[in-house]
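Asks: At position 493 of the sequence shown (counting the first as 1) the number is 532 in my numbering, and the numbers step up by one without a gap.
By construction, the Cβ of each residue, glycine as well, lies at the ideal position given by its N, Cα and C atoms.
Since this is a predicted model, take the numbers as computed values, not measurements.
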Amino acid sequence: MIKPTSTTTAALLLASTNVVNADLPVHCIRPQVLGHWKFHLGKRSPHRTTCGHATPDIDSRQPDVHNFLKDSDVQETVAVELQDPNSAIVNGKDGSKWSMIYDEGITVSSDELEFFSFSHFQKPGKPQVHGKKMFRSFCGQSEIGWFRDVKTNEFGCYRAEKADQNEKGVAFYHLSLLEEENKTTGAVSLAAKQKRSFLATGSSERVKSAEVASTALVSSTSLQFLEKIDHAKEVSNINKAQSGWTAAVYSDAFMHEKMGQLQKRARRKPISAMSMGNSAQGSAARERLPPSFKKSKHKATKAVSVAVAKDSKNTKTEDAHDNADDLPKKFAWDDVDGENYLEPILDQADCGSCYAVSSVHMLSARYRVHKKDPSLEGFSINFPLYCSDLNQGCQGGYPSLVSMWSSHVGLIPKSCAGDYFTSDTATCKQTLTEHVSKAEFKSCVEQAEKDKKVAQVAKWSYIGGYYGACSVGKMMADLYKYGPLAVALEPAMDFMYYRSGVYKSSPVKTAQPWVKVDHAVLLIGWGEDDATKTPYWTIQNSWGTSWGENGNIRIVRGENESGVEFQAVAAYLQDGKAAPVLDYAKGVLKEEL
Numbered sequence: 040m041i042k043p044t045s046t047t048t049a050a051l052l053l054a055s056t057n058v059v060n061a062d063l064p065v066h067c068i069r070p071q072v073l074g075h076w077k078f079h080l081g082k083r084s085p086h087r088t089t090c091g092h093a094t095p096d097i098d099s100r101q102p103d104v105h106n107f108l109k110d111s112d113v114q115e116t117v118a119v120e121l122q123d124p125n126s127a128i129v130n131g132k133d134g135s136k137w138s139m140i141y142d143e144g145i146t147v148s149s150d151e152l153e154f155f156s157f158s159h160f161q162k163p164g165k166p167q168v169h170g171k172k173m174f175r176s177f178c179g180q181s182e183i184g185w186f187r188d189v190k191t192n193e194f195g196c197y198r199a200e201k202a203d204q205n206e207k208g209v210a211f212y213h214l215s216l217l218e219e220e221n222k223t224t225g226a227v228s229l230a231a232k233q234k235r236s237f238l239a240t241g242s243s244e245r246v247k248s249a250e251v252a253s254t255a256l257v258s259s260t261s262l263q264f265l266e267k268i269d270h271a272k273e274v275s276n277i278n279k280a281q282s283g284w285t286a287a288v289y290s291d292a293f294m295h296e297k298m299g300q301l302q303k304r305a306r307r308k309p310i311s312a313m314s315m316g317n318s319a320q321g322s323a324a325r326e327r328l329p330p331s332f333k334k335s336k337h338k339a340t341k342a343v344s345v346a347v348a349k350d351s352k353n354t355k356t357e358d359a360h361d362n363a364d365d366l367p368k369k370f371a372w373d374d375v376d377g378e379n380y381l382e383p384i385l386d387q388a389d390c391g392s393c394y395a396v397s398s399v400h401m402l403s404a405r406y407r408v409h410k411k412d413p414s415l416e417g418f419s420i421n422f423p424l425y426c427s428d429l430n431q432g433c434q435g436g437y438p439s440l441v442s443m444w445s446s447h448v449g450l451i452p453k454s455c456a457g458d459y460f461t462s463d464t465a466t467c468k469q470t471l472t473e474h475v476s477k478a479e480f481k482s483c484v485e486q487a488e489k490d491k492k493v494a495q496v497a498k499w500s501y502i503g504g505y506y507g508a509c510s511v512g513k514m515m516a517d518l519y520k521y522g523p524l525a526v527a528l529e530p531a532m533d534f535m536y537y538r539s540g541v542y543k544s545s546p547v548k549t550a551q552p553w554v555k556v557d558h559a560v561l562l563i564g565w566g567e568d569d570a571t572k573t574p575y576w577t578i579q580n581s582w583g584t585s586w587g588e589n590g591n592i593r594i595v596r597g598e599n600e601s602g603v604e605f606q607a608v609a610a611y612l613q614d615g616k617a618a619p620v621l622d623y624a625k626g627v628l629k630e631e632l
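1) Just checking my contact of GLY626 with THR89 at CB under 8 Å: how many whole Å lie between their CB atoms?
2) Excluding the five sequence neighbours on either side, which residues of its own chain have a C-beta within less than 6 Å of the C-beta of LYS498, listed in chain order?
3) Closer than 6 Å by C-beta to GLY615: which residues in its own chain qualify, once you throw out the five before and the five after it? Chain order, please.
4) What do you get for ASN589, buried or exposed, if any count of 16 or more other CB atoms within 10 angstroms of its CB means buried?
5) Would you kindly report the start and end of the unbroken beta strand (DSSP E) that includes HIS159?
6) Would you decide whether GLU378 is buried or exposed? Buried here means 16 or more other CB atoms lie within 10 Å of its CB.
7) Is it the case that the segment 422-436 contacts the segment 119-136, given that we only count it when at least three CB pairs across the two stretches are under 8 Å?
8) Our contact map puts SER403 next to PHE418 with C-beta atoms below 8 Å; I'd like the distance itself, whole angstroms only.
9) Return helix, strand or coil for PHE460, following the three-state DSSP convention.
10) Have a look at GLN613 and VAL620 and give me their C-alpha separation to the nearest angstrom.
11) CB-CB under 6 Å to GLN431, same chain, minus the five flanking residues each way: which ones, in chain order?
12) Let me check understanding here. Comparing Cα to Cα, which of MET173, ALA618, PRO383 and TYR380 lies closest to ALA487?
13) Should CYS509 and ALA363 be called a contact, given that it needs their Cβ atoms to be closer than 7 Å?
14) For TYR164, does the count of other Cβ atoms within 10 angstroms reach 16, so buried, or fall short, so exposed?
15) Please return the same chain residues whose Cβ sits closer than 6 Å to the Cβ of LYS334, not counting the five positions on each side in sequence.
16) So is VAL189 buried or exposed if we call it buried at 16+ other beta carbons inside 10 Å?
17) With DSSP collapsed to three states, give me the class of HIS75.
18) Let me make sure I understand the geometry here. Which of ARG198, ASP622, GLU529 and TYR212 has the alpha-carbon closest to that of VAL117?
19) So, at 7 Å on beta carbons, what are the nonlocal neighbours of ASP412 in its own chain, with the 5 sequence-adjacent residues on each side left out?
20) Using DSSP's beta-bridge definition, name the partner residues of ASN591.
21) For GLY179, count neighbouring C-beta atoms within 10 Å of its own C-beta (all shown protein chains included) and say buried if the count is 16 or more, exposed if not.
22) Taking only beta-carbon positions, decide if ALA118 is within less than 7 Å of chain D.
23) Could you tell me which of ASN599, SER148, SER181 and LYS132 sits nearest to PRO102, measuring between CA atoms?
24) Measure from the alpha carbon of GLU115 to the alpha carbon of each residue in ILE145, GLN161 and GLY195, then state which is nearest.
25) Going along the chain, which residues of its own chain have a beta-carbon closer than 6 Å to the beta-carbon of ARG593, five neighbours each way excluded?
26) Out of curiosity, what's the CA-to-CA distance linking LEU471 and GLU485?
27) What do you get for SER84, buried or exposed, if any count of 16 or more other CB atoms within 10 angstroms of its CB means buried?
28) Would you identify the three-state DSSP class for PHE277, choosing helix, strand or coil?
29) In angstroms with no decimal places, state the Cα-to-Cα distance between ALA624 and GLU479.
30) Can you look up GLU630 in the DSSP assignment and give me helix, strand or coil?
31) Which ranges does the beta strand (DSSP E) cover as unbroken runs of at least 3 residues, wholly within the segment 422-450, from first to last along the chain?
32) Is ASP358 helix, strand or coil by DSSP?
33) Can the beta-carbon of ALA609 be found less than 7 Å from the beta-carbon of SER500?
34) Does DSSP put TYR519 in a helix, a strand or coil?
35) Does the beta-carbon of GLU631 have 16 or more other beta-carbons within 10 angstroms, so that it is buried, or is it exposed?
36) Just reading off the alpha helix (DSSP H) that PHE107 is part of, what are its end residues?
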């Protein structure tokens with residue numbers, strides 16, 4: 040058992056039956072990455088490469104940091120200071136910006152260079168605590184990342200580390216129950232798919248590997264139990280408990296698939312946010328279960344969510360309506376003067392692709408708005424889903440990284456990479472050689488450029504300028520002018536039963552540097568309920584048209600319901616070229632197209 044040192048403080052995290060995108064097993068938040076860094080840059084190239092990452096990216100196949108980019112290969116070292124909340128000093132020059140990408144990495148932008156890298160992590164080799172494995176996040180180091188020279192549009196690979204060697208070496212331990220098997224049933228429990236996170240505090244006396252001070256024992260609900268729920272009873276209880284929205288019973292097949300998606304994607308993220316700091320303030324957490332769940336002997340364990348870091352910015356939505364005064368009371372991009380700018384609602388099926396679906400549907404709609412042509416063909420989901428080195432395919436990812444990758448490589452019509460399909464094992468090479476042929480792909484992309492159907496993200500951003508700075512007013516203003524937004528939320532269990540009305544379940548406080556989310560969706564508009572006068576968002580989900588209001592859901596606006604107003608992503612598009620797409624594909628295939 041790992042014992043605490045006198046210089047570390049540990050805290051319990053909130054346990055919930057909710058689960059999160061299975062992406063990378065790393066958890067770093069803003070207070071942990073602030074400070075002075077050294078970015079070690081490799082050679083530049085006119086071609087954007089994968090920098091040794093798989094396509095899609097795989098957590099167990101990260102390129103070796105020091106072997107991939109040896110000291111002798113470093114062409115330049117850039118000094119970077121990350122300041123709270125989003126200012127950066129690059130090589131002594133003010134005016135640069137930076138942001139967390141959820142809890143996985145950082146992006147920095149200056150007038151000369153753009154950077155992105157994941158935070159460094161180590162997966163466990165053998166059990167370390169009570170027979171359980173632990174992974175470690177090194178928030179003062181990076182994995183191999185990507186940089187772009189803004190002036191020359193050249194790309195390269197880099198690695199980063201904090202200038203202070205003590206800060207560089209601090210490890211934040213996370214208890215992993217990935218492979219825990221239920222000995223009674225032989226089933227892998229939902230608890231086995233969740234992580235417990237224990238983060239060391241900041242201290243001048245920190246040792247190289249900060250140790251865990253205590254262990255949280257978390258009870259959870261297995262998928263096997265969830266499958267035995269009396270859904271009709273749950274729906275009845277939900278409908279009796281409130282009047283703003285209506286729940287409904289869906290088919291067993293639907294519930295099994297969606298619960299299975301959530302369980303499969305519950306592997307890597309901590310249960311709740313926690314930051315370092317010597318003076319933490321506790322905040323009581325909520326249970327996120329339907330009413331009768333809370334009366335069950337399987338009731339979720341309550342715990343404590345640790346306070347946010349000192350000087351963390353509060354993005355209260357009630358203070359942020361400054362940009363919405365002149366906007367209509369009701370608006371949605373599925374009906375603008377009789378025109379629909381949206382892609383048809385898709386069922387993501389058995390794949391954790393909600394981030395790709397919502398992002399590509401956002402980009403398709405925004406390009407139509409940009410071109411003033413709602414009839415334009417939508418962009419391919421398969422291409423970024425299986426070919427991006429920034430996300431993890433059907434294992435999960437983030438809308439921000441889809442937009443970032445599309446600024447490097449580009450967007451192609453969906454006909455060029457075939458119909459949407461799902462696979463946990465598909466690679467980019469298989470997608471471009473088996474799902475379609477190399478010749479078909481090349482010919483289609485080249486013709487699409489001639490037809491002005493290839494696009495590129497010219498700029499992307501979290502609404503508000505950085506992760507966690509979102510506001511209702513800015514979301515509405517950007518959506519109204521440029522098109523739908525990709526947003527993420529943490530739905531309670533009752534979210535699955537939604538049929539109609541204005542959904543309200545679990546508002547999330549915004550005064551924290553990180554908010555756990557589970558699911559990405561497309562924000563297409565807003566309105567006010569005729570009967571209750573409740574302001575709402577209109578959201579397009581990716582669970583097919585049989586769910587909700589023909590595939591959509593209305594969620595209460597202005598309360599950060601389920602975290603929906605914390606990290607909206609916007610992208611701004613321009614016409615693209617075939618060359619970056621084909622160059623990237625050629626590099627992945629390692630052969631001529």
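Replies: The structure says:
1) That pair is a contact at about 7 Å.
2) Same-chain partners within the cutoff: TYR611.
3) Cβ within range, chain order: GLY449, VAL493, ALA494 and GLN495.
4) Counting of Cβ neighbours within 10 angstroms places ASN589 among the exposed residues, the total staying below 16.
5) Unbroken beta strand (DSSP E) run through HIS159: 152-161.
6) A residue is called buried when at least 16 other Cβ atoms come within 10 angstroms of its Cβ; GLU378 does not meet this threshold and is exposed.
7) As far as the Cβ criterion goes, the segment 119-136 does not touch the segment 422-436, which means the pair count is below three.
8) Correct: roughly 5 Å between the Cβ atoms.
9) Coil.
10) Computed Cα separation, rounded: 15 Å.
11) The residues are ASP62, PRO95 and ASP96.
12) For the residues MET173, ALA618, PRO383 and TYR380, the minimum Cα distance to ALA487 belongs to ALA618.
13) In this structure, the beta-carbon distance from CYS509 to ALA363 does not fall below 7 Å.
14) In the sequence on display, residue 164 carries Gly and not Tyr. GLY164 is exposed by the Cβ-count criterion.
15) At LYS334 the pLDDT is 34, less than 50, meaning the model places this residue with poor confidence and gives no usable figure here.
16) By the neighbour-count definition (other C-beta atoms within 10 Å, threshold 16), VAL189 is an exposed residue.
17) In this structure, DSSP gives HIS75 an extended state, which the three-state scheme calls strand.
18) Here the closest residue by C-alpha is ARG198.
19) Cβ within range, chain order: n/a, list empty.
20) Answer is GLN579 and GLU588, bridged to ASN591.
21) Per the 10 Å Cβ criterion, buried.
22) The structure shown contains no chain D; it holds only a single protein chain.
23) Of the listed residues, the one whose Cα sits closest to PRO102 is SER181.
24) Looking at the Cα atoms, GLY195 is the closest of the given residues.
25) Answer for ARG593: VAL541, TYR575 and THR577, listed in chain order.
26) Going by the C-alpha atoms only, they are around 15 Å apart.
27) Result: exposed.
28) At residue 277 the sequence reads Ile, which differs from the Phe that was named. In this structure, ILE277 counts as helix in the three-state DSSP scheme.
29) Across the structure, ALA624 and GLU479 are spaced so that their CA atoms are roughly 13 Å apart.
30) The answer is coil: DSSP assigns GLU630 none of H, G, I, E or B.
31) The segment 422-450 contains no whole beta strand (DSSP E) run of 3 or more residues.
32) Any answer about ASP358 is weak, because its pLDDT of 41 lies below 50 and its placement is not dependable; what the coordinates show is given next. Helix.
33) Closer than 7 Å, so yes.
34) Correct three-state label for TYR519: helix.
35) Answer is exposed; the Cβ neighbour count stays below 16.
36) Going by DSSP, PHE107 is part of the alpha helix (DSSP H) stretching over 104-107.
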